[in-house]
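Here the structure comes first, spelled out in structure tokens, and everything after it is commentary.
There are 2 protein chains.
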Amino acid sequence: MSTKGEQTREKILNEARLLFKQKGFGATTINDLLDASGTTKGNLYFHFSDKEAVVLEVLQREQQSFYRFIDQAFSGKSAAAGLDHFFHNALEKNRQSGFVGGCLFGNAALETSDTSPLFAGLVRDVFTEWIKKFEEKISSAQAAEQIRTDIPAGDLAEMVVATVEGGIMQSRLQKSADPLKRSLETLRRVLGLKVNQ
Amino acid sequence: MSTKGEQTREKILNEARLLFKQKGFGATTINDLLDASGTTKGNLYFHFSDKEAVVLEVLQREQQSFYRFIDQAFSGKSAAAGLDHFFHNALEKNRQSGFVGGCLFGNAALETSDTSPLFAGLVRDVFTEWIKKFEEKISSAQAAEQIRTDIPAGDLAEMVVATVEGGIMQSRLQKSADPLKRSLETLRRVLGLKVNQ
Numbered sequence: 006m007s008t009k010g011e012q013t014r015e016k017i018l019n020e021a022r023l024l025f026k027q028k029g030f031g032a033t034t035i036n037d038l039l040d041a042s043g044t045t046k047g048n049l050y051f052h053f054s055d056k057e058a059v060v061l062e063v064l065q066r067e068q069q070s071f072y073r074f075i076d077q078a079f080s081g082k083s084a085a086a087g088l089d090h091f092f093h094n095a096l097e098k099n100r101q102s103g104f105v106g107g108c109l110f111g112n113a114a115l116e117t118s119d120t121s122p123l124f125a126g127l128v129r130d131v132f133t134e135w136i137k138k139f140e141e142k143i144s145s146a147q148a149a150e151q152i153r154t155d156i157p158a159g160d161l162a163e164m165v166v167a168t169v170e171g172g173i174m175q176s177r178l179q180k181s182a183d184p185l186k187r188s189l190e191t192l193r194r195v196l197g198l199k200v201n202q
Numbered sequence: 006m007s008t009k010g011e012q013t014r015e016k017i018l019n020e021a022r023l024l025f026k027q028k029g030f031g032a033t034t035i036n037d038l039l040d041a042s043g044t045t046k047g048n049l050y051f052h053f054s055d056k057e058a059v060v061l062e063v064l065q066r067e068q069q070s071f072y073r074f075i076d077q078a079f080s081g082k083s084a085a086a087g088l089d090h091f092f093h094n095a096l097e098k099n100r101q102s103g104f105v106g107g108c109l110f111g112n113a114a115l116e117t118s119d120t121s122p123l124f125a126g127l128v129r130d131v132f133t134e135w136i137k138k139f140e141e142k143i144s145s146a147q148a149a150e151q152i153r154t155d156i157p158a159g160d161l162a163e164m165v166v167a168t169v170e171g172g173i174m175q176s177r178l179q180k181s182a183d184p185l186k187r188s189l190e191t192l193r194r195v196l197g198l199k200v201n202q
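Protein sequences, first through last, are from chains A and B.
Quick note on my numbering: the first sequence kicks off at 6 and runs consecutively.
Quick note on my numbering: the second sequence kicks off at 6 and runs consecutively.
Shown next, in the form of structure tokens:
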């Protein structure tokens, strides 16, 4: 069982995550965090030294949660099925959020790249890991001739991640699954992904 | 010749654009705008009713400037050459900025989608127009068999814009032209773009 202090801490982090996704990191103030979590200033500063400490812990938790998502999302009977499964899950994950908030790392990439080396470093690590996982899957699919083999797996992986991030951006802007869904479908086709093989 | 008032107004808009690109819209305060432009509060509020009015005019100007960029960037002897030229110019445009700031519309898409219908509407218009221009060029290139013809031009156009935006995000995060450059190169290949034909 968690103590009241632990519950308050969790509440602050959960509300902060939602605010960072919707309003952005920069626009979210300490007062926003207090209002959303129903916490007093004294309580918040008991748990976190400043807003940056909240941002850092939200990003670190999201990193762990995203790594678990990647591992589950890539599961499949074959490498191609794993890739197909990932595209499907990425769409569903975003659909469930109603295309509000988008990708926290994408948002952080655009907001922190030029202003916060610490956060930018964490976000770079996430994308590096994600591209690496894609490269491994694409490489396996290439070995089984379930995907085009004329372009190196690493190049395809980097383009795929760019397309997924851009697709999430467009779906969030249109408040519709369609832009991401169509970009993922086109991606399957240009990759020559053969799932039933 | 412009009056002193017009010069002040220009100065505020130029500095605001840089701040919005680097810090984001939400994190930029009126005080940041005053510091950067060396203007008094009274002067700023003489020209603009509030921060939103500054954001709106910066976005409207960027929209016009981006439409001019699109028309120039797509120029070429053939449709395929136009597409190739666009990719080249998009990379150069971002390289010149040292990958600081990225794409103002991409940033605005992520920051304003959930919080400001007016700005989100303007940003949606920009992407709709950009995708439409890509679709026209790809369609012409398909008619001349300078690009793959097995996927509708509109689907390819939507994926291309997503990839370019995601590539800019990755290059900004890495502070290097390489991610965008590689993604554009891979895009050329998966599109089957034949420039010298």
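All residues carry an ideal CB built from backbone N, CA and C; glycine is no exception.
Contact of residue 37/A with chain B is not assigned, every C-beta pair being separated by 8 Å or more.
Taking a cut-off of 8 Å on C-beta distances, the region 130–143 of chain A touches the region 160–179 of chain A, as three or more cross pairs fall below it. Close to residue 194/A, with beta-carbon spacing below 7 Å, are these residues of chain B in chain order: 156.
With fewer than 16 other Cβ atoms from the protein chains shown falling within 10 Å of its own Cβ, residue 123/B counts as exposed. For residue 75/B, the enclosing alpha helix (DSSP H) has its first and last residue at 56–78.
Taking the CA atoms as reference points, residue 172/B sits about 12 Å from residue 100/B. In this structure, residue 174/A keeps its C-beta atom at 8 Å or more from the C-beta atom of residue 185/B.
For the C-beta of residue 130/A, not a single chain B residue is nearer than 8 Å; the gap to the nearest is close to 10 Å. Annotation: residue 112/B to residue 128/B spans about 10 Å, alpha carbon to alpha carbon. DSSP, reduced to helix, strand and coil, places residue 130/A within a helical segment of the structure shown.
With respect to residue 83/B, residue 151/B sits close: the two C-beta atoms are nearer than 8 Å. The straight-line gap separating the alpha-carbon atoms of residue 23/B and residue 37/B is approximately 11 Å. Proximity of the region 6–17 of chain B to the region 45–64 of chain B meets the contact definition, three or more beta-carbon pairs being nearer than 8 Å.
Distance from the CA of residue 76/B to the CA of residue 47/B, rounded to the nearest whole angstrom, comes to 39 Å.
Going by DSSP, residue 19/A is part of the alpha helix (DSSP H) stretching over 9–28. Cβ-Cβ separation between residue 31/A and residue 29/B: approximately 5 Å, consistent with a contact (criterion under 8 Å). Under the 8 Å criterion on CB atoms, residue 144/A is classed as non-interfacial with respect to chain B.
Scanning its chain for C-beta atoms nearer than 8 Å, with the 5 sequence neighbours on each side dropped, one finds around residue 86/B the residues 200, in chain order.
Going by DSSP, residue 98/A is part of the alpha helix (DSSP H) stretching over 84–101. Going by C-alpha positions, residue 154/B is about 52 Å away from residue 7/B.
Residue 65/A and residue 94/A have their alpha carbons spaced roughly 22 Å apart. Rounded to whole angstroms, the separation of the alpha carbons of residue 97/B and residue 181/B is 12 Å. Under the 8 Å criterion on CB atoms, residue 43/A is classed as non-interfacial with respect to chain B. Excluding the 5 residues flanking it on each side, residue 193/A has no same chain C-beta neighbour closer than 6 Å.
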